[in-house]
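The opening residue of the sequence shown carries number 0 in numbering that gives the first Met the number 0; numbering runs sequentially from there.
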Amino acid sequence: MIPGLSNRRRFSDLSEQEILALAISSEEDDARIYRSYAERLRGEFPASAAIFDGMAAEEDQHRQRLIDLHRSRFGEVIPLIRREHVAGHYARKPIWLTANLPLDTIRGEAAAMEQEAHRFYTRAAQSTQDAATRKLLGDLAAAEAGHERKAADLTDKHLTEDAKAEEDFTARRQFILTWVQPGLAGLMDGSVSTLAPIFATAFATQDTWTTFLVGTAASVGAGISMGFTEAAHDDGVLSGRGSPWKRGVASGVMTTLGGMGHALPYLIPDFWTATIIAMIVVFVELWAIAWIQNRFMETPFLRAALQVVVGGALVFAAGALIGGG
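So this is what it looks like as structure tokens:
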């Protein structure tokens, strides 16, 4: 028996009063979630914050109607019953507790909340045989569908085309600052800085296994160093670059991948075959860096390509000359 599950009630075993109490507590929870979204978005996305304020107010109105209905039918004392007390009841993921949620994620979660509630009450209404309970569940399903329509109305009211474009630009900028910029810096560092030790080892020893070990050590070590440096040097509060750990992960992982790309070919026993493949991989890595700079950083492609190719060629030449000498 899994702890906790034995104490959960089946929805079919709930009385009409308990179903009503469950609906009241669910409306209370959803209103709090919407207000937490609004508070989180208010600084950067005021139009979206106004939408969630309006949705929270709608939940409050439905909760009050449900309380009035409970008072008229069952009295003042509302049973304490929540979603987690009912087996099979839809659950709200505690995603609102996560800091730095992207705007699109918050919008998607809000839409899913209304859709899940609507589907749950619809299925519950179809599965019950009691006429009064069936009507109650049907009313709740209709109320949740009304929430979806109200959300669309609030979006039309508060989120104009200009406001949405501005918020989308802000969200894109945040994505670039938190993920793309640190990841690009890591990829450039991993791809370029490891060229010298890898190819110096390759030409000095002409031993593919030794070259692979040196390349792996250089790539992993550079990834750890870049990741911790990115996470430690800026907490993101003043710069607005987002979570330091997200930036650290992006930088560290991309640094490691950038170096491992031209270290892995040296798993091939034949030295020249491995070296030629590694050179091709380096060429692909450098052009990928130029494409990312052009795509996300709006750097002209030719200028970006010239920068990374020239830089990579110089580092490669240094490694080859040192190793060959």
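Glycine residues also receive a C-beta, built at the ideal position from the N, C-alpha and C atoms.
If you're wondering where the values come from, they're calculated on a predicted model, not measured in any experiment.
8 angstroms Cβ cutoff, residue i in contact with chain B
{"i": "Q128", "result": "Included in the structure is just one protein chain, with no chain B present."}
7 angstroms CB neighbourhood of residue i in its chain, flanking five on each side removed
{"i": "M225", "result": "G185, D188, S250, G251 and T254"}
{"i": "Y120", "result": "L136, L139, A140 and E143"}
{"i": "R7", "result": "H84, V85 and A86"}
{"i": "Q205", "result": "F270"}
{"i": "P181", "result": "E229, R246, A249 and S250"}
Spatial distance of residue i from residue j (CA atoms)
{"i": "A201", "j": "E115", "result": "58 angstroms"}
{"i": "A49", "j": "A37", "result": "7 angstroms"}
{"i": "L135", "j": "P45", "result": "36 angstroms"}
{"i": "T298", "j": "V191", "result": "19 angstroms"}
{"i": "A231", "j": "R72", "result": "59 angstroms"}
{"i": "I291", "j": "A221", "result": "21 angstroms"}
{"i": "N293", "j": "K245", "result": "23 angstroms"}
{"i": "A55", "j": "S35", "result": "10 angstroms"}
{"i": "E15", "j": "Q125", "result": "15 angstroms"}
{"i": "L237", "j": "R172", "result": "Only weak support is given to the placement of L237: the predicted model assigns it a pLDDT of 49, under 50, and the value that follows is read from those uncertain coordinates. Their backbone Cα atoms lie some 15 angstroms apart in a straight line."}
{"i": "A312", "j": "L263", "result": "20 angstroms"}
{"i": "R39", "j": "P243", "result": "18 angstroms"}
{"i": "S69", "j": "I175", "result": "Reading off the sequence, residue 69 comes out as His, not Ser. Using only the alpha carbons, I get a separation of about 50 angstroms."}
{"i": "V308", "j": "S25", "result": "58 angstroms"}
{"i": "V219", "j": "A316", "result": "23 angstroms"}
{"i": "R106", "j": "Q128", "result": "36 angstroms"}
{"i": "H261", "j": "T104", "result": "36 angstroms"}
{"i": "F10", "j": "A217", "result": "58 angstroms"}
{"i": "H117", "j": "S47", "result": "23 angstroms"}
{"i": "Q282", "j": "E43", "result": "With the sequence shown as reference, residue 282 is identified as Phe, and Gln is not the correct amino acid for it. About 40 angstroms."}
The ligand SAH heavy atom lying under 7 angstroms from the CB of residue i
{"i": "R8", "result": "Of ligands this structure carries none, so the ligand SAH is not represented either."}
8 angstroms Cβ cutoff met for residue i and residue j
{"i": "P78", "j": "E27", "result": "no"}
{"i": "I267", "j": "A273", "result": "yes"}
{"i": "R62", "j": "I23", "result": "yes"}
{"i": "M259", "j": "T215", "result": "yes"}
{"i": "E284", "j": "G310", "result": "no"}
{"i": "I288", "j": "L183", "result": "yes"}
{"i": "T177", "j": "I197", "result": "no"}
{"i": "V179", "j": "F295", "result": "yes"}
{"i": "D29", "j": "M112", "result": "yes"}
{"i": "A109", "j": "Y33", "result": "yes"}
Opening and closing residue of the alpha helix (DSSP H) in which residue i lies
{"i": "M54", "result": "P45 to F73"}
{"i": "A199", "result": "L194 to T204"}
{"i": "E284", "result": "F270 to F295"}
{"i": "T254", "result": "P243 to G260"}
{"i": "L176", "result": "Here L176 belongs to no alpha helix (DSSP H), and DSSP marks it neither H nor E."}
{"i": "I32", "result": "E15 to L40"}
Whole-number beta carbon distance between residue j and residue i, since they are thought to touch under 8 angstroms
{"i": "L21", "j": "V76", "result": "That belief does not hold up - the Cβ atoms of L21 and V76 are roughly 15 angstroms apart, past 8 angstroms."}
{"i": "L65", "j": "L19", "result": "6 angstroms"}
Neighbourhood of residue i by C-beta, 6 angstroms cutoff - its chain only, sequence neighbours within 5 removed
{"i": "L301", "result": "none"}
{"i": "I223", "result": "none"}
{"i": "I80", "result": "E17, A20 and L21"}
{"i": "I276", "result": "P264"}
{"i": "I321", "result": "A199"}
{"i": "A319", "result": "F198 and F202"}
{"i": "A304", "result": "A289"}
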